[in-house]
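Visitor: Residue numbers (the working numbering), protein chains in the order written: chain A, 1 to 125; chain B, 1001 to 1833. Even for Gly, the Cβ is constructed at its ideal location relative to N, Cα and C. Treat the numbers as computed from the prediction; the structure is a model and nothing was measured.
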Amino acid sequence: MISELNTYEATKLEEVTIWFKAAEVSKFPKNGGACVKYKDKQIAVFNFTRKRVWYACQNLCPHKMEMVLSRGMIGVDGDDPKVACPLHKKTFSLKTGMNLNGDLNSIATYPVKIEKNFVYIGFSE
Amino acid sequence: MKTILVIGNGMVGYKFCEKFVAQEKYKDFKLIVFGEEPRVAYDRVHLSEFFENGDADKLTLAPRTWYEQNGIELHTNERVVAIQRNTKVITTRSGRVYSYDYLILATGSIPFVPPIKGVHKQGVFVYRTIEDLENTMQYASNIPNGKAAVLGGGLLGLEAAKAIKDMGLEPHVVEFAPRLMPRQLDEEGSKVLETKMSDMGISVHLNKATQQILGNGSIQGMAFSEGDPLELDMLIISAGIRPRDELAKACGLGLGERGGIVVDNTMRTSDPNIFAIGEVALYNQMIYGLVAPGYEMAQVAVDQILGKETLMAENIDMSTKLKLIGVDVASFGNPFTTEEEAHAIVFENKLQGLYKRINISKDGKKLLGGILVGDASDYNMLLQLQQNEMALPENPEDLILGARGGEGTAMGNVMDLPDDAVVCSCESVTKGGICCSVLQEGHETLKSVAEATKATTGCGGCKPMVSDLVTESLKSLGKTVKVRICEHFDFSRQELYDIVKMRDIQDYDELLDTVGHGDGCEICKPAVAAIFASVYNETANRQETIQDSNDRYLANIQRNGTYSVVPRVPGGEITPQQLMALGRIGMKYDLYTKITGGQRIDMFGAQLHELPLIWEELIKEGFESGHAYGKALRTVKSCVGSTWCRYGMDESVSFAIEIENRYKGIRSPHKMKGGVSGCIRECAEARCKDFGFIAVEGGWNVYVCGNGGANPKHAELLAEKVDKETAVRYVDRFLMFYIKTAPPLTRTAAWLEKLEGGITYLKNVVIHDSLNIAEELDAEMQSYADTYKCEWKEAVETPEIRARYSHFVNSDEKDDTIEFVPMRGQKMPKAWT
Ligand code: SRM
Ligand SMILES: Cc1cc2nc3c(=O)[nH]c(=O)nc-3n(C[C@H](O)[C@H](O)[C@H](O)COP(=O)(O)OP(=O)(O)OC[C@H]3O[C@@H](n4cnc5c(N)ncnc54)[C@H](O)[C@@H]3O)c2cc1C
Ligand code: SF4
Ligand code: FES
C-alpha cells in the first residue's frame, strides 16, 4: 500500500516535462472534480469555477488508500483551496497537498493548464 | 535610562520582551537581546510541525519588525561568551562589549546526550532546534525505508517517534524505564499507550539499558546490556535536558548540585542584578521543562525590575497533554498517589484503548490528580477541578464515566469555576480575565478574545474551555450566540432558509455572492443543498457538486469506493415478483445483498459506472429510489396489521405505504423515519421513529420525535385517538415545521430537546395553530407531495446526468484497484489494513 502511495509524486510547474492532454473542459463538472487516467495513475482534476482555477492531485486518499478523491467536495479553508474526501471528510489543500484536519501524509499535486478548451495535466515523467 | 540585557532569544526570553513592552514604564529602559540561534525566537513547543510543512516562518513568535517597532535591539547569531559581574559588562562572540543595569539569563537548555560509547557516530541526532530537524530530515532522506529509533520514551521522545514515522522510516522507541512516559503515566496507563503505539506501527522497547551505538562511522544499530541488538539507520536522542548554565558558572553565580542557576521567588540569582528565567532556572530545586512556568517566571522578572512585588507561585503545575501524535494522553496534579494518600478510581477499556485514572482524597472531597489515555477530552475540566479544589459530584466516578442517566454532565458548568481559576496556563489567563474581555471589553468571538487576552495562543489545549466560556458569557449578556453554519455564512440554517425563500435565490453561488464570504466548504455546501431541496423540492441532480458524498451520486459510498443500491419498498411490502427481480439484478451485477434494519433490501458493491445500468433495470421493474443516501425520508416500517394479525386494530401496512409515498423524496435537516403499528404490541417500533402511528381502540395515536441510533429516545405522544386524516395532517405540519426550523444534521428528537416549551409548545403549534402558520405548513407539505419525482429516473433518462457515472473522464476503463474477497457465498471489500 505504501508503495502505491509512492507512485504519486508532487510535481512543480518548473519540473513539468510532459503536458498530458486529458479531456475537454466541458467533461468536468463546475466547482467539482473528475478522475483522469494517466498511464497507471489516477489523477483527480478539479474545476474550481468560482476561483477560475484548476487543480489536480492524486485520486488516492492516503487515509484508507481508496481511489476516491475526485468524488470529493471542494471548498476553501481561509484562502486555501481544499478537497474533502467523500469517505471520511479528511481535507487536503489543493495547493500544497497537506492534510488540513489531521496528520495524514500529504497528497501529490500537479500543475494544470487549459489550452484550446482542453485540460492538460503536467507530469515530470 | 537603564539598560537590560537579555541573553537568549528563545521562548521565555521572547516572552520577557513581550511582557516588558506591555508595561507603561518600559520607555525608561533600553532592551538589548542576544540570541545564539540564526533566527528570531520561535515556537519550540510546536517544533514537530516543521516536519509536516518545513515552514520555519510559521513557528516565528514575532517577526524582526516587531522588535524594531518596540525599540528592542536584537542580535541573532550572536552568543554571549562572558559576564563580568564587577564591572557589569558582557562580551559577545564577535568581541563586542555591552554594559547592563540588569541582566536576564534566558539561555534555556540543551538535550542531554548520555555518555554511551559510539554516540557521536553519524546518524545520531538530538531534537531541540530547527537546525536539528533540518539535519535529521536531510539524513533521513538518504535512508529511504530505513529504521530509526528514539532513545527515550518521554513526552518528547514519543513526539520524535511520530516524526520518524512521518518521514517514512520504521519507528522504534527505546526506553530505560519499565514504562512509557514514566513521569506522567502509571504502569496500566503505559500499557494502554503501548498498544496504541503499536497500532500506529511504532515498536516500543522497554527496560533497555543501551550499552553501545554500533556501526562503522555511521550508526548501524544499538546494543543493550541484555537481549538482541536493534538494527538501525538513524537515532534521535531524547533523554532529558541539561540547563545551559555555563556562563553563570564561569562568573560564579550560585548553581544547583546537578546544574541550573539557583533563583529565589523573585527570579533573582545570587547576584541581585542578574535574573534567570525559563529552563535554565533552578527554582524549588527543580528545572521545569515546560513553557508555562517559564512564562510565569518572565512575568515575575518584569514586575520585579519595575518595582512590583509579584512572586513566583509556590507550587508549579506540571500537568501535561501529549499533542500531535494521534493518541490522547494527559496527566495532571499528582498522577501517582499511593493507597494511603488517596482512592484511585480506574476505568479501563482495552478494546477501545481507554485508560482513565483519577485520584480522590480520602475524604472524597477533592480531586488530587489523574491520568487519561485514549480520550483526554475531559482534561481541561478535570484539571480545573483539581487546581481549584472544587466540590466533586456525589459519585466521583461519574467524572470519568460520564453521568449515566439524567441531564447534564458530571463536570458541571464552566461558569461554576472560580474567577481566579487559571484556564490558559501557558499565558496565565484566568476565567475572570476571559469573561471580563467578553462582558466588559465587548469581545464577542473566540478569535478576538484570544487576541485580547492571549488565551489559547500557547499550546492551544485550553481552546474548548475558552470557547465555552465565551459562549456562556455572551449568553449571560442576553446575546444570542450567533450560530453560524461555517466561516462562509454568518447565518443559522433557519435564517438561510428564509433568505433563500424570500429573495428567491436560485443556486449556491448566488447565495454565497449575496450573503456569504469566500468560496464555500464541505460544511455549508450540503447544508445549503438541503435548503434548496426543501424550498424548491428540487432533486440532488440539479446542483450535484454541492451535495454530500452520497447525494452526489444518489447512492451510499462504501469502504472501497463502490456503492450500495437501495430501492424503496414502501411499508416493507414486496411482491414475490419484485423479490425475483431484485434477485436477478443482484446476480447479474454480482452484488452483495442483505435485508436492512429498515425492512428493505440493500445491494452492495456496485461500481460507479454500474449504477445507472442497475437503476435502469430496477425502474423497469417498477422500483423507485429509496433515498437511503439522502437526508430525507428513509422508511416507514410497518407490522403486518389487521389484515392478517389476530390482534390488529387497523391496517398498518396500508397506512405505512400511504404515508411513505406521501413523504418520499422530501429533503430535511437530517434523515426521517416513520413507523406504523397495528396495535399497542408495537411490532413496528413506531415509538423509536421520528413519527409513528399506533392503532388503538377508537383511532390512531400519533407519536413524534423518537430516535434509535446513538442516543435512543422514545417518541412523545402528540395526539390520541384521532382519525387517519387528522393524524396525517398533524404529522404534515410537524415535519414541515421541523424542516423549516431545525439546524443542519439535527434529528427530530434532538430538535425537540432544544425547542423551548418542548412537546407542549409543539402541540400548540401543530394542533392549536398558535403561530398561525398551519395553513402555510399544510400547503407546503401538499406541494411536496404533488411535485415528487424519482431522482434516479431523472438521472437515467437525462444523458448529461448519466455521464457523471464513469470512473474516468478520459477512458471507459473501470477502476481496476477495487478488490473483493469472498464471504459466505457472496463477496465483500478487501479489508483496510
Ligand atoms: C443499511 C442499514 C444497516 C442494515 O444493513 O440494516 C444502515 C446503514 C447505514 N446507516 Fe443506519 N442503517 C440502517 C438502519 C438504521 C436504523 C434502523 C431503522 O431505521 O429502523 C437505525 C436506528 C433508527 C434511527 O435512525 O433512529 C439507524 C441509525 C443510523 C444512524 C444514527 C442516527 C442517529 O440519530 O443517531 C446513522 C448515522 C447518521 O445518520 O448520522 C446511520 C448511518 C448509516 C449509514 C448511512 C452510514 C454511512 O454513512 O455509510 C449506513 C449506510 C449503509 C449503506 O450504504 O446503505 N444509521 N440505521 C440500514 C438501512 C435501513 C434502510 O433500509 O434504509
Ligand atoms: C520538540 C519539543 C516539544 C516541546 N513541547 C512542549 C510542550 O508541549 N509543552 C511545554 O510546555 N513545553 C514543551 N517543550 C519545552 C519548551 O519548548 C521549553 O520549555 C521552552 O522552549 C523553554 O524556553 P527557554 O526560553 O527557557 O529556552 P529555549 O527556548 O531553549 O531558548 C533559549 C535560547 O537561548 C539561546 N542561548 C543559549 N545560550 C546562549 C548564549 N550564551 N548567548 C546567546 N544565546 C544563548 C539558545 O540558543 C536558545 O535559542 C518542548 C520542547 C521541544 C524541543
Ligand atoms: S450500525 Fe454503524 S456499521 Fe452498522 S450500518 Fe449502521 S453505520 Fe454502518
Ligand atoms: S479514505 Fe479518505 S478520508 Fe478516509
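Evaluate the contact criterion for the segment 1629 to 1639 of chain B versus the segment 1665 to 1680 of chain B: three or more CB pairs, one atom per stretch, below 8 Å.
Guide: Contact between the segment 1629 to 1639 of chain B and the segment 1665 to 1680 of chain B is present, because at least three Cβ pairs lie under 8 Å.
Visitor: Rounded to whole angstroms, what is the Cα-Cα separation between A/D77 and B/L1511?
Guide: Within the first sequence, the letter at position 77 stands for residue 77 of chain A. Within the second sequence, the letter at position 511 stands for residue 1511 of chain B. Spanning the two alpha carbons is a distance of roughly 18 Å.
Visitor: Of the residues B/E1188, B/A1742, B/E1610 and B/L1401, which one's Cα is nearest the Cα of B/P1178?
Guide: Here residue 1178 of chain B refers to the residue found at position 178 of the second sequence. Nearest option by C-alpha distance: B/E1188.
Visitor: With a cut-off of 9 Å, does the C-beta of B/P1526 fall near any C-beta of chain A?
Guide: Position 526 of the second sequence holds residue 1526 of chain B. Cβ-Cβ to chain A under 9 Å: yes for B/P1526.
Visitor: Classify B/E1797 as buried or exposed, calling it buried when 16 or more other Cβ atoms lie within 10 Å of its own Cβ.
Guide: Within the second sequence, numbered from 1, the residue matching residue 1797 of chain B stands at position 797. Exposed.
Visitor: Could you check whether the Cβ of B/H1670 sits closer than 8 Å to any heavy atom belonging to ligand 6?
Guide: This structure does not include ligand 6; its bound ligands are ligand 1, ligand 2, ligand 3 and ligand 4.
Visitor: When the cut-off is 9 Å and only beta carbons count, does B/W1792 lie next to chain A?
Guide: Your numbering for residue 1792 of chain B matches position 792 in the second sequence. No, B/W1792 does not count as interfacial toward chain A.
Visitor: Using only the alpha-carbon positions, how far apart do B/A1281 and B/E1309 sit?
Guide: Position 281 of the second sequence holds residue 1281 of chain B. Position 309 of the second sequence holds residue 1309 of chain B. Taking the straight line joining both Cα atoms gives about 19 Å.
Visitor: Going along the segment 1805 to 1819 of chain B in order, which residues come within less than 7 Å of chain A, judged by CB to CB distance?
Guide: Cβ contacts with chain A: H1807, F1808, V1809, N1810, S1811, E1813, D1815 and T1817.
Visitor: Buried or exposed, going by whether 16 or more other CB atoms sit within 10 Å of the CB of B/P1144?
Guide: Within the second sequence, the letter at position 144 stands for residue 1144 of chain B. Result: exposed.
Visitor: Answer with buried or exposed for A/V25, where buried requires no fewer than 16 other C-beta atoms within 10 angstroms of its C-beta.
Guide: The residue you call residue 25 of chain A lines up with position 25 of the first sequence. That one is exposed.
Visitor: Counting pairs of beta carbons, one from the segment 1206 to 1226 of chain B and one from the segment 1263 to 1275 of chain B, are three or more of them closer than 8 Å?
Guide: Judged by Cβ distances under 8 Å, the segment 1206 to 1226 of chain B makes no contact with the segment 1263 to 1275 of chain B, as fewer than three pairs qualify.
Visitor: Would you grab the beta carbon distance between B/L1151 and B/A1209 for me? Rounded to a whole angstrom, and I think it's under 8 Å.
Guide: Residue numbering aside, residue 1151 of chain B sits at position 151 when the second sequence is read from its first letter. Residue numbering aside, residue 1209 of chain B sits at position 209 when the second sequence is read from its first letter. That pair is no contact at about 11 Å.
Visitor: With a threshold of 9 Å between beta carbons, is B/C1424 in contact with chain C?
Guide: In summary, chain C is missing from the structure at hand, where the protein chains are A and B.
Visitor: Applying the criterion that 16 or more other CB atoms from any shown protein chain within 10 Å of the CB defines a buried residue, is B/R1687 buried or exposed?
Guide: If you number the second sequence from 1, residue 1687 of chain B lands on position 687. It is buried - the Cβ of B/R1687 has at least 16 other Cβ atoms within 10 Å.
Visitor: Return yes when at least one heavy atom of ligand 1 lies under 8 Å from the C-beta of B/G1597, else no.
Guide: Residue numbering aside, residue 1597 of chain B sits at position 597 when the second sequence is read from its first letter. At least one heavy atom of ligand 1 is nearer than 8 Å to the Cβ of B/G1597, so yes.
Visitor: Buried or exposed: where does B/G1035 fall if 16 or more other Cβ atoms within 10 Å of its Cβ makes it buried?
Guide: The count along the second sequence starts at 1 and reaches residue 1035 of chain B at position 35. Buried, because 16 or more other Cβ atoms sit within 10 Å of the Cβ of B/G1035.
Visitor: Which bits of chain A does B/N1560 rub up against, with CB to CB less than 8 Å?
Guide: For the purposes of this step, residue 1560 of chain B is taken as the residue at position 560 of the second sequence. Within chain A, the residues near B/N1560 are E66.
Visitor: Checking contacts by CB at 9 Å: is A/C57 closer than that to chain B?
Guide: The residue you call residue 57 of chain A lines up with position 57 of the first sequence. Chain B, which has no Cβ nearer than 9 Å to the Cβ of A/C57, makes this no.
Visitor: Does the Cβ-Cβ distance between B/L1103 and B/I1090 come in under 9 Å?
Guide: For the purposes of this step, residue 1103 of chain B is taken as the residue at position 103 of the second sequence. For the purposes of this step, residue 1090 of chain B is taken as the residue at position 90 of the second sequence. Against a cut-off of 9 Å, the Cβ pair of B/I1090 and B/L1103 comes out as a contact.
Visitor: Would B/I1213 and B/K1117 be called neighbours here (beta carbons separated by less than 9 Å)?
Guide: Looking up residue 1213 of chain B in the second sequence gives position 213. Looking up residue 1117 of chain B in the second sequence gives position 117. Their beta carbons are under 9 Å apart, which means B/I1213 touches B/K1117 by this criterion.
Visitor: Please name the residue, chosen from B/I1595, B/E1341, B/R1729 and B/G1583, that lies closest to B/I1767 on a Cα-to-Cα basis.
Guide: Indexing the second sequence from 1 puts residue 1767 of chain B at position 767. Looking at the Cα atoms, B/R1729 is the closest of the given residues.
Visitor: On the criterion of 16 or more Cβ atoms from any shown chain inside 10 Å, does B/L1311 qualify as buried, or is it exposed?
Guide: Within the second sequence, residue 1311 of chain B is the residue found at index 311, counting from 1. So B/L1311 ends up on the exposed side.
Visitor: By DSSP's criteria, A/A56 is part of a beta bridge. Which residues make up the other side?
Guide: Reading the first sequence from its first residue, position 56 is the one you call residue 56 of chain A. Paired residue(s): A/V45 and A/Y110.
Visitor: Give the list of continuous alpha helix (DSSP H) stretches no shorter than 4 residues that lie fully inside the segment 1574 to 1634 of chain B.
Guide: The qualifying runs are 1576 to 1588 and 1611 to 1620.
Visitor: Go ahead and label B/R1747 buried or exposed: buried means 16 or more other beta carbons lie within 10 angstroms of its beta carbon, across all protein chains shown.
Guide: Here residue 1747 of chain B refers to the residue found at position 747 when the second sequence is read from its first residue. The residue in question, B/R1747, is buried, as its Cβ has 16 or more Cβ neighbours within 10 Å.
Visitor: Given that A/P86 touches chain B, what residues does it touch there, using C-beta distances under 7 Å?
Guide: Looking up residue 86 of chain A in the first sequence gives position 86. Simply S1549 and I1557.
Visitor: Looking at the C-beta of A/T141, does it have a partner C-beta in chain B at a distance below 9 Å?
Guide: In the structure displayed, chain A extends from 1 to 125; residue 141 of chain A sits before or after that span and is not available.
Visitor: Any chance the CB of B/N1395 is under 8 Å from a heavy atom of ligand 2?
Guide: On the second sequence, residue 1395 of chain B is found 395 positions in, with the first residue counted as 1. No, since every heavy atom of ligand 2 falls outside the 8 Å radius drawn around the Cβ of B/N1395.
Visitor: Spatial neighbours of B/M1736 within its chain, please: C-beta separation below 7 Å, excluding the five flanking residues on both sides.
Guide: Sequence index remark: in the second sequence, residue 1736 of chain B carries index 736 (1-based). So the qualifying residues of the chain are L1777, E1780 and M1781.
Visitor: Assign B/N1764 to buried or exposed, taking buried as 16 or more other Cβ atoms, counted over all protein chains shown, within 10 Å of its Cβ.
Guide: By one-based count along the second sequence, residue 1764 of chain B stands at place 764. Looking at its Cβ environment, which holds fewer than 16 other Cβ atoms inside 10 Å, B/N1764 is exposed.
Visitor: In the DSSP output, what is B/W1792 paired with across the bridge?
Guide: Residue 1792 of chain B sits at position 792 when you count from the first residue of the second sequence. Paired residue(s): none; B/W1792 is not in a bridge.
Visitor: Rounded to whole angstroms, what is the Cα-Cα separation between B/G1758 and B/F1691?
Guide: The residue labelled residue 1758 of chain B in the question sits at position 758 within the second sequence. The residue labelled residue 1691 of chain B in the question sits at position 691 within the second sequence. Distance between the alpha carbons of B/G1758 and B/F1691: 16 Å.
Visitor: Hey, is the segment 1360 to 1369 of chain B in contact with the segment 1193 to 1212 of chain B, meaning 3+ C-beta pairs nearer than 8 Å?
Guide: Flag = no, the segment 1360 to 1369 of chain B and the segment 1193 to 1212 of chain B do not touch.
Visitor: B/L1417 and B/V1329 - do their beta-carbons sit closer together than 9 Å?
Guide: As a first step, residue 1329 of chain B must be located in the second sequence, where it is residue number 329. As a first step, residue 1417 of chain B must be located in the second sequence, where it is residue number 417. In this structure, B/L1417 does not lie closer than 9 Å to B/V1329 by Cβ.
Visitor: Taking Cβ-Cβ distances shorter than 7 Å, what residues in chain B pair up with A/R50?
Guide: Walking along the first sequence from the start, residue 50 of chain A turns up at place 50. The answer, in chain order, is D1509 and D1519.
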